[in-house]
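Asker: Convert by adding 1 to the 1-based position in the sequence shown; the result is the number in the working numbering. Mind looking over this structure? Questions follow.
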Amino acid sequence: MPAHQTQLDFSNEKKEEIVPKQVMEHISELRRQVHYHDKLYYDDAMPEISDRDYDHLYRKLVELEKKYPTLIATDSPTQRVKERAEGFQSAPHLVPMQSLENTYSEEEVRDFIKRLEKLLPSEELLLTLEPKIDGVAISLLYENGKLIRGLTRGDGAMGDDVTRNIKTISGIPHQLHGNVPKLLEVRGEVYLSKKIFTQLNEERDEAGLPAFANPRNAAAGSLKQLDPAVVKERQLSAIFYGSGAYEGPEIKTQLEVIDALKKWGLPTHETTWEASTSEEALQAICELGKIRHDYVFETDGAVLKVNSLTQQSRVGSTSKAPRWAIAFKYEPEQAETRLLDITVQVGRTGILTPVAELEPVTVAGSRVARATLHNEEEILRKDLRIGDHVMIEKAGEVIPAVVGVLKEKRTGHERHFKMPEHCPACQAAVIKKEGEVAIRCSNIQCPAQLERQIEYFASRRAMDIAGLGEAVVAQLTEARLLKSVGDLYQLRAEQLLPLERMGEKSVENLLRSIDESRTRPLWRLLAALGIPHVGVTAARTLAEHFHTIERLQAATIEELLAIEEVGEIMAKSIYEWLREPRSIVLLNQLKKAGVHFGEEDRSSFSADGPLRGTTWVLTGTLSQPRDDIAELIRQAGGKVSSSVSAKTTYLLAGEEAGSKLERAKKLKVQVVNEAEFRKIIN
Ligand code: IVH
2 MPAHQTQLDF
12 SNEKKEEIVP
22 KQVMEHISEL
32 RRQVHYHDKL
42 YYDDAMPEIS
52 DRDYDHLYRK
62 LVELEKKYPT
72 LIATDSPTQR
82 VKERAEGFQS
92 APHLVPMQSL
102 ENTYSEEEVR
112 DFIKRLEKLL
122 PSEELLLTLE
132 PKIDGVAISL
142 LYENGKLIRG
152 LTRGDGAMGD
162 DVTRNIKTIS
172 GIPHQLHGNV
182 PKLLEVRGEV
192 YLSKKIFTQL
202 NEERDEAGLP
212 AFANPRNAAA
222 GSLKQLDPAV
232 VKERQLSAIF
242 YGSGAYEGPE
252 IKTQLEVIDA
262 LKKWGLPTHE
272 TTWEASTSEE
282 ALQAICELGK
292 IRHDYVFETD
302 GAVLKVNSLT
312 QQSRVGSTSK
322 APRWAIAFKY
332 EPEQAETRLL
342 DITVQVGRTG
352 ILTPVAELEP
362 VTVAGSRVAR
372 ATLHNEEEIL
382 RKDLRIGDHV
392 MIEKAGEVIP
402 AVVGVLKEKR
412 TGHERHFKMP
422 EHCPACQAAV
432 IKKEGEVAIR
442 CSNIQCPAQL
452 ERQIEYFASR
462 RAMDIAGLGE
472 AVVAQLTEAR
482 LLKSVGDLYQ
492 LRAEQLLPLE
502 RMGEKSVENL
512 LRSIDESRTR
522 PLWRLLAALG
532 IPHVGVTAAR
542 TLAEHFHTIE
552 RLQAATIEEL
562 LAIEEVGEIM
572 AKSIYEWLRE
582 PRSIVLLNQL
592 KKAGVHFGEE
602 DRSSFSADGP
612 LRGTTWVLTG
622 TLSQPRDDIA
632 ELIRQAGGKV
642 SSSVSAKTTY
652 LLAGEEAGSK
662 LERAKKLKVQ
672 VVNEAEFRKI
682 IN
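This is the structure:
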């Protein structure tokens with residue numbers, strides 16, 4: 002919320018006397034900043050600053066509001082309830098979900114233990130230490146071992162019901178096993194592994210979507226998807242570490258909680274530490290710190306907990322956090338280096354991105370020489386100058402980022418950076434679209450854009466043309482052999498042989514893989530075209546629905562919107578892209594070159610068949626080959642899919658049906674045998 006809307010009473014003379022004007026301005030500015038970063042974090046899942054920097058701002062604000070309570074306004078971000086997602090029903094937690102207090106120093110850990118020793122005088126104290134996953138807090142309700150509901154934390158008392166999404170997470174059991182409790186509200190964290198996070202961002206980049214800042218935001222963004230099929234594709238995971246409401250076999254300690262959860266089939270941490278003194282606790286924190294980068298998930302800290310559950314309830318909680326647990330946050334691994342230059346990269350869609358060229362340095366185990374600076378505003382906000390000493394960090398332990406400047410090391414020779422007014426590749430004027438921060442090259446024939454488009458077209462996720470890497474593409478465009486993506490299919494050996502490092506064998510291989518790409522499935526071509534907002538997943542959906550490029554070209558916006566996975570932005574983007582003159586030229590060129598444009602699906606002629614609107618999955622041994630039965634279904638107007646999901650209408654199960662049958666039962670998909678199928682189809 003902007004500062005001018007904050008309800009500070011500046012007219013009150015008495016308050017003016019007590020509260021210095023600078024303090025009021027400081028509070029107002031802090032509120033503006035916290036509101037701004039809250040929005041980026043909670044609504045957009047795209048934060049610009051680290052959790053540490055956010056905590057620092059927030060703590061400062063709380064501190065000032067405490068000191069000057071007359072200034073606490075109802076709309077201060079400190080009074081706001083966070084983490085509500087739109088489009089979900091909310092439901093109460095049986096036991097409220099609290100948060101943990103963060104600590105950043107050894108001193109604070111010592112104080113925490115001293116406090117406990119005071120609260121539990123002359124009692125034996127055992128603490129456990131677990132990794133703190135940087136994911137999304139979740140609470141699942143199991144009744145007699147059956148998964149009933151999944152809620153996000155929400156405001157701690159009420160959470161958003163994300164049961165359907167939770168059920169797509171493969172590690173989460175729908176049924177617990179063993180001596181299951183009557184009631185279990187289990188608490189844990191949903192996360193995206195670092196590897197999948199990197200893949201997801203690559204895909205988003207290719208689809209022209211903004212990258213997620215870190216795995217936590219990617220997981221939060223994924224869990225807020227309204228379509229469980231999309232959530233499933235994101236490949237989320239979960240780990241559980243505690244409970245809320247509980248009725249079951251007696252459990253006395255945190256270590257027993259973890260053991261029990263594991264026995265019931267819930268994923269838990271493999272390694273935990275135990276400590277009885279501050280020194281042991283700090284030692285455990287240090288040990289976890291050394292191995293934390295090896296975990297598949299991102300950890301930003303360690304959680305220290307009192308092991309005994311009776312001791313936990315005796316020390317109790319403050320209004321916000323338990324007194325029996327604390328989160329120690331590790332210093333993010335940072336390295337100092339110099340900003341040698343800022344170069345400008347031209348992307349596939351013409352967006353100009355400033356890139357930090359750094360003196361190479363090692364951070365969190367790998368060498369960093371470049372880092373994206375996103376846009377000019379970010380450079381100004383950080384006040385970066387060429388020649389500066391800067392601090393580098395890996396956002397989400399993965400993506401290198403410049404996090405700050407060491408201003409005290411400036412010599413006065415540093416240079417300001419300004420985004421160019423002309424494209425560095427083709428000198429065309431740059432433009433800024435209304436409502437966008439990005440600056441673009443205005444020349445649709447820009448050679449740098451063309452190079453990126455060709456690399457993208459040929460990439461493994463699109464047309465998968467081996468041997469067409471950056472260096473080869475650069476040579477081909479420089480030699481003017483490629484003036485558009487379509488020219489790829491006109492290349493001849495005699496044109497390629499004179500190029501650098503292009504022997505007979507490599508030319509033969511390249512031409513063969515270009516030729517082979519003509520018959521790639523339609524979704525690959527759709528992904529390769531680079532239609533804004535259409536990545537691999539959307540391309541598959543479009544191919545499944547339209548079967549040929551021609552039918553996609555004929556589709557109206559309404560028809561596109563009728564597809565569940567297609568939203569307004571994507572529908573408009575597809576519709577407009579297909580009508581741009583240069584897209585039409587490109588498609589004609591590709592068609593002429595013999596590139597496969599898909600095949601008519603005969604089911605389209607049976608739109609009124611008895612299976613209209615149904616989706617089928619086939620499994621087990623049937624009396625006819627599966628392909629023949631699939632064809633029968635299509636002819637009757639139904640769709641056939643290879644995997645069971647929430648969208649499956651029927652599973653046709655033959656003899657010896659296996660995992661698909663299990664899954665269908667779990668998802669409550671109707672299962673039919675062949676005799677029933679014949680009845681339906683007739
Ligand atoms: S225990 C009463 N254990 O970190 C709160 N929390 O910043 C009990 N978290 O709210 C939480 N790993 O969402 C606990 N091993 C762990 C954790 C963990 C991650 C999350 C959790 C918590 C947040 C606090």
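C-beta atoms are modelled at their ideal positions from N, C-alpha and C, and glycine is treated no differently.
According to the neighbour-count rule (16 or more other Cβ atoms, all chains shown, within 10 Å of its Cβ), is Ala494 buried or exposed?
Answerer: With fewer than 16 Cβ atoms within 10 Å of its Cβ, Ala494 is classed as exposed.
Asker: Between which two residues does the alpha helix (DSSP H) containing Leu512 stretch?
Answerer: Glu505 to Glu517 is the extent of the alpha helix (DSSP H) around Leu512.
Asker: Note the first and the last residue of the continuous beta strand (DSSP E) segment covering Thr684.
Answerer: Absent from the structure is residue 684, since the part of the chain shown begins at 2 and ends at 683.
Asker: Cβ of Leu256 within 8 angstroms of Cβ of Val187?
Answerer: No; because the gap between Cβ atoms is not below 8 angstroms, this pair is not in contact.
Asker: Glu131: beta carbon under 7 angstroms from a heavy atom of the ligand IVH?
Answerer: Glu131 Cβ: within cutoff of the ligand IVH.
Asker: Is Tyr242 near the ligand IVH, with its Cβ less than 7 angstroms from a heavy atom?
Answerer: Yes, the Cβ of Tyr242 comes within 7 angstroms of a heavy atom of the ligand IVH.
Asker: Note down, in chain order, each residue of its chain lying with its Cβ closer than 7 angstroms to the Cβ of Asp342, except the 5 sequence neighbours on either side.
Answerer: Taken in chain order, the residues that qualify are Glu358 and Ile387.
Asker: Please classify Thr412 as buried or exposed, where buried requires at least 16 neighbouring CB atoms within 10 angstroms.
Answerer: Per the 10 Å Cβ criterion, exposed.
Asker: When every heavy atom of the ligand IVH is checked, does at least one fall within less than 7 angstroms of the C-beta of Ile352?
Answerer: No, the beta carbon of Ile352 sits no closer than 7 angstroms to any heavy atom of the ligand IVH.
Asker: Is any heavy atom of the ligand IVH found at a distance shorter than 7 angstroms from the C-beta of Leu101?
Answerer: Yes, the Cβ of Leu101 comes within 7 angstroms of a heavy atom of the ligand IVH.
Asker: Quick test of your reading: Ala467 and Ser514, contact by CB under 8 angstroms. State the CB separation rounded to the nearest angstrom.
Answerer: Rounded, the Cβ-Cβ distance is 4 angstroms, consistent with contact.
Asker: Quick check on DSSP: helix, strand or coil for Lys183?
Answerer: Here Lys183 sits in coil by DSSP.
Asker: On the CB-based measure, 16 or more other CB atoms within 10 Å of its CB, does Gln671 come out buried or exposed?
Answerer: It counts as exposed.
Asker: Helix, strand or coil: how does DSSP classify Asp161 here?
Answerer: Here Asp161 sits in strand by DSSP.
Asker: Tell me where the beta strand (DSSP E) around Trp617 begins and ends.
Answerer: Start and end: Thr616 to Thr620.
Asker: Opposite Tyr490 in the DSSP bridges: which residues?
Answerer: Paired residue(s): none; Tyr490 is not in a bridge.
Asker: Quick check for students: name the residue ranges of the alpha helix (DSSP H) that lie wholly in the stretch 75–143, counting only runs of 4 or more.
Answerer: Listed in chain order, the complete alpha helix (DSSP H) runs (minimum 4 residues) inside the stretch 75–143 are 107–120.
Asker: One question on the structure: do Arg116 and Ser279 come within less than 8 angstroms of each other, judged by their Cβ atoms?
Answerer: No.
Asker: Please state whether DSSP places Cys424 in a helix, a strand or coil.
Answerer: It is coil, neither helix nor strand.
Asker: Buried or exposed: Ala86, going by 16 or more other Cβ atoms within 10 Å of its Cβ?
Answerer: Confidence at Ala86 is low in this model, with a pLDDT of 48, below 50, so the placement of that residue is unreliable and no value is reported for it.
Asker: Tell me the start and end of each unbroken alpha helix (DSSP H) in the stretch 196–274 that is at least 4 residues and wholly inside, in chain order.
Answerer: Fully enclosed alpha helix (DSSP H) runs of 4 or longer: 216–224, 229–234 and 255–264.
Asker: Give a yes or no on contact between the stretch 260–277 and the stretch 153–162, applying the rule of three or more CB pairs nearer than 8 angstroms.
Answerer: No: fewer than three Cβ pairs fall under 8 angstroms.
Asker: Phe678: buried (16+ other C-beta within 10 angstroms of its C-beta) or exposed?
Answerer: By the neighbour-count rule (16 or more Cβ atoms within 10 Å), Phe678 is buried.
Asker: Around the Cβ of Cys447, are there at least 16 other Cβ atoms within 10 angstroms (buried) or fewer (exposed)?
Answerer: With 16 or more Cβ atoms within 10 Å of its Cβ, Cys447 is classed as buried.
Asker: Do Val20 and Leu72 count as a contact pair if the criterion is CB distance below 8 angstroms?
Answerer: It is a contact, given that the beta carbons lie within the stated cut-off.
Asker: Could you tell me whether any non-hydrogen atom of the ligand IVH is closer than 7 angstroms to the CB of Pro323?
Answerer: Yes, the ligand IVH has a heavy atom inside 7 angstroms of this Cβ.
Asker: Keeping to the same chain, check which residues put their C-beta closer than 8 angstroms to that of Glu118; ignore five residues upstream and five downstream.
Answerer: Contacts found: Leu126.
Asker: With Glu657 as the anchor, note down where its beta strand (DSSP E) starts and where it stops.
Answerer: Looking at the DSSP string, Glu657 is not in any beta strand (DSSP E), and its letter there is neither H nor E.
Asker: Which residue wins for smallest C-alpha separation from Val404, given the options Glu415, Leu385 and Pro421?
Answerer: When only C-alpha atoms are compared, the closest one is Leu385.
Asker: Could you tell me which residues DSSP puts in a beta bridge with Pro582?
Answerer: According to DSSP, which records beta bridges pairwise, Pro582 is partnered with nothing at all.
Asker: May I ask you to list the residues that DSSP assigns as paired with Asp342?
Answerer: Asp342 pairs with Glu358.
Asker: Can you give me the start and stop residues for the beta strand (DSSP E) that Ile400 sits inside?
Answerer: Segment Ile400 to Val406, the beta strand (DSSP E) holding Ile400.
Asker: Per DSSP, which one or two residues make a beta bridge with Cys442?
Answerer: According to DSSP, which records beta bridges pairwise, Cys442 is partnered with Val431.
Asker: Among Leu523, Pro323 and Leu482, which residue has its Cα nearest to the Cα of Gln99?
Answerer: Among Leu523, Pro323 and Leu482, the Cα nearest to that of Gln99 is on Pro323.
Asker: Please name the residue in Leu142, Glu131, Arg502 and Val316 whose C-alpha comes closest to that of His94.
Answerer: Answer by Cα proximity: Leu142.
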